[in-house]
Amino acid sequence: MKIVVVCGPTGIGKTSTAIKLAQVFDGEIISADSMQIYRHMDIGTAKPDKEEQKQVVHYLLDVADPDEPFDAALFADLSDKAVQKITGKKKLPIVAGGTGFYIKALLYGLFRASPADQRLIQQLEQEAQKKGGDTLYKKLERIDPVSAASIHPHDTFRIVRALEVFMSTGRTMSSFQKSHEFAVKRYDALKIGLVMDRQELYRRIEQRVDLMMDQGLIDEVENLRQMGYSCDLKSMQSIGYRHICDFLNKKVSFEETLRLLKRDTRRYAKRQLTWFGREKDIVWIDPGDTDRAEFLVKDFLDRK
Numbered sequence: 003m004k005i006v007v008v009c010g011p012t013g014i015g016k017t018s019t020a021i022k023l024a025q026v027f028d029g030e031i032i033s034a035d036s037m038q039i040y041r042h043m044d045i046g047t048a049k050p051d052k053e054e055q056k057q058v059v060h061y062l063l064d065v066a067d068p069d070e071p072f073d074a075a076l077f078a079d080l081s082d083k084a085v086q087k088i089t090g091k092k093k094l095p096i097v098a099g100g101t102g103f104y105i106k107a108l109l110y111g112l113f114r115a116s117p118a119d120q121r122l123i124q125q126l127e128q129e130a131q132k133k134g135g136d137t138l139y140k141k142l143e144r145i146d147p148v149s150a151a152s153i154h155p156h157d158t159f160r161i162v163r164a165l166e167v168f169m170s171t172g173r174t175m176s177s178f179q180k181s182h183e184f185a186v187k188r189y190d191a192l193k194i195g196l197v198m199d200r201q202e203l204y205r206r207i208e209q210r211v212d213l214m215m216d217q218g219l220i221d222e223v224e225n226l227r228q229m230g231y232s233c234d235l236k237s238m239q240s241i242g243y244r245h246i247c248d249f250l251n252k253k254v255s256f257e258e259t260l261r262l263l264k265r266d267t268r269r270y271a272k273r274q275l276t277w278f279g280r281e282k283d284i285v286w287i288d289p290g291d292t293d294r295a296e297f298l299v300k301d302f303l304d305r306k
């Protein structure tokens, strides 16, 4: 089964590229973004707007509330069903997003056969609440420095998952991933990566942060809090949302909030580029080169 993947760092134009390809090749889009799955979180996640969603059918947007657990396994399951639905309509599935692990989970499956120990996860989450996420992150650095290096210190959800893997199996998550190596392809996929000059990308990221502020990111976060979604939630600790939470809690000034948000988004983009840079079968193109993208897809679809 053939699918097209459009990947790359935040702010580079994956949504617009995917929409253009979907319009040309009669496709529908599956979002591979670990934040766009959440309802009520639109501005800070750069979710496709209503007009963009009218142009092309999108899947895996607004499928969970901000306090619901969501992981790569659930993403793979839901996106599998979306692929089946799209191909059932004789349309082309186009996966678009920057969450590399989600994309790998869809294309190759996950390394773990046994279900997670939910009681252990709950214990670790309670420990994080009592002692702070930093304590768990330091523990992970000692146990599994390879996994720790790929996880943000504030990403308590992934830290807990990595610790649970070790505590319930006796093996580190990184060792599982290394032995699994995502070797068995589940789909015939063309992976198109978007890349541009690093400084130009950073400039675009900073412009987008300014635009998010103009669009009302502060009001969005305040509304989420009024709806009962705590700043301690995994979703609210993501880039943008935790920064605005700190501002609303008067921990930092507006100017410092803006500076930190831009800095951390640039760092996130750099981590994404490192992740995707390790992939050997991505065809890299400039985000503005739609002719090249269309040629690649046509050639891919014409192959038997």
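Counting in this note's numbering, the final residue of the sequence shown is number 306, and the numbers go up one at a time with none missing. We put the beta carbon where it would ideally sit given N, CA and C, even for glycine.
Once the 5 residues before and after Asp1 are set aside, which same chain residues still bring their CB inside 6 Å of it?
Missing from the structure shown is residue 1; the chain here goes from 3 to 306 and no further.
With distances taken between CB atoms, is the gap from Val223 to Tyr243 smaller than 8 Å?
Their beta carbons are under 8 Å apart, which means Val223 touches Tyr243 by this criterion.
Under a Cβ-count criterion, where at least 16 other Cβ atoms within 10 Å of its own Cβ denotes burial, should Arg173 be classed as buried or exposed?
Arg173 is exposed by the Cβ-count criterion.
Quick check: what's the CA-CA separation for Val59 versus Ile241?
Roughly 27 Å between the two C-alpha positions.
Among the residues of its own chain, which have a CB less than 6 Å from the CB of Ala150, if the five just before and after it don't count?
Correct list, in chain order: Leu142, Glu143.
So, under 8 Å CB-CB, Lys264 and Glu208 are touching, yes? Tell me the CB distance rounded to an integer number of Å.
Correct: roughly 5 Å between the Cβ atoms.
Do you know offhand how far Val97's Cα is from Leu250's?
Val97 and Leu250: Cα-Cα distance of roughly 35 Å.
Near Val148, what residues of its chain come up, given a Cβ to Cβ distance below 8 Å and the 5 sequence neighbours on each side ignored?
Excluding sequence neighbours, Val148 sits near Thr174, Ser176.
Determine the closest residue to Thr288 out of Arg268, Tyr40, Leu196, Thr171, with distance taken between C-alpha atoms.
Contrary to the premise, residue 288 reads as Asp rather than Thr in this sequence. The residue with the shortest Cα to Cα distance from Asp288 is Leu196.
Contact between the stretch 87 to 104 and the stretch 267 to 283 is defined here as three or more beta-carbon pairs at a separation below 8 Å; is this criterion met?
Enough Cβ pairs lie closer than 8 Å, so yes.
Could you tell me the distance, in whole angstroms, from the CA atom of Ala20 to the CA atom of Val6?
In a straight line, the C-alpha of Ala20 is about 9 Å away from that of Val6.
Determine, using beta carbons only, whether Thr292 and Lys16 come nearer to each other than 8 Å.
No, they are not a contact pair.
Is the stretch 122 to 142 touching the stretch 157 to 165, taking contact as three or more C-beta pairs under 8 Å?
Yes: at least three Cβ pairs fall under 8 Å.
Please look up how many angstroms separate the CB atoms of Ile14 and Leu203, rounded, as I've assumed it's under 8 Å.
Contact flag correct, Cβ pair sits at about 6 Å.
What number of angstroms, rounded off, separates the C-alpha of Leu112 from the C-alpha of Glu166?
One C-alpha to the other measures close to 16 Å.
Can you tell me whether Asp301 is helix, strand or coil according to DSSP?
Helix at Asp301.
If you draw a straight line from the alpha carbon of Phe27 to that of Gln55, how long is it in whole angstroms?
One C-alpha to the other measures close to 17 Å.
Just curious, the beta strand (DSSP E) that Ile96 is in, first and last residue?
Element bounds for Ile96: 94 to 99.
Go through its chain and collect everything with a Cβ distance to Met37's Cβ below 6 Å, but skip five positions before and after it.
Once the five neighbours on either side are set aside, the close Cβ partners of Met37 are Thr47, Ser240.
How many Å lie between Lys4 and Pro50 at the Cα?
Their Cα atoms are separated by approximately 24 Å.
Buried or exposed: where does Gln120 fall if 16 or more other Cβ atoms within 10 Å of its Cβ makes it buried?
Looking at its Cβ environment, which holds fewer than 16 other Cβ atoms inside 10 Å, Gln120 is exposed.
Helix, strand or coil: how does DSSP classify Ala66 here?
Three-state result, Ala66: strand.
Going by the DSSP bridge assignment, what does Ala74 pair with across the sheet?
None, per the DSSP bridge assignment.
List the DSSP bridge partners of Leu192.
Answer is Val6.
If you compare alpha carbons, which of Asp67, Met215, Arg305, Met238 is closest to Asp190?
Of Asp67, Met215, Arg305, Met238, the residue nearest in Cα terms is Arg305.
Have a look at Glu53, Met43, Val85 and flag the residue whose alpha-carbon is nearest the alpha-carbon of Val65.
Ranking Glu53, Met43, Val85 by Cα distance to Val65 puts Met43 first.
Following the continuous alpha helix (DSSP H) through Gly279, name the residue where it begins and the one where it ends.
Gly279 -> alpha helix (DSSP H) spans 256 to 279.
Confirm, please, whether the CB-CB distance from Ala75 to Leu108 is below 8 Å.
For Leu108 and Ala75, no; Cβs fall outside 8 Å.
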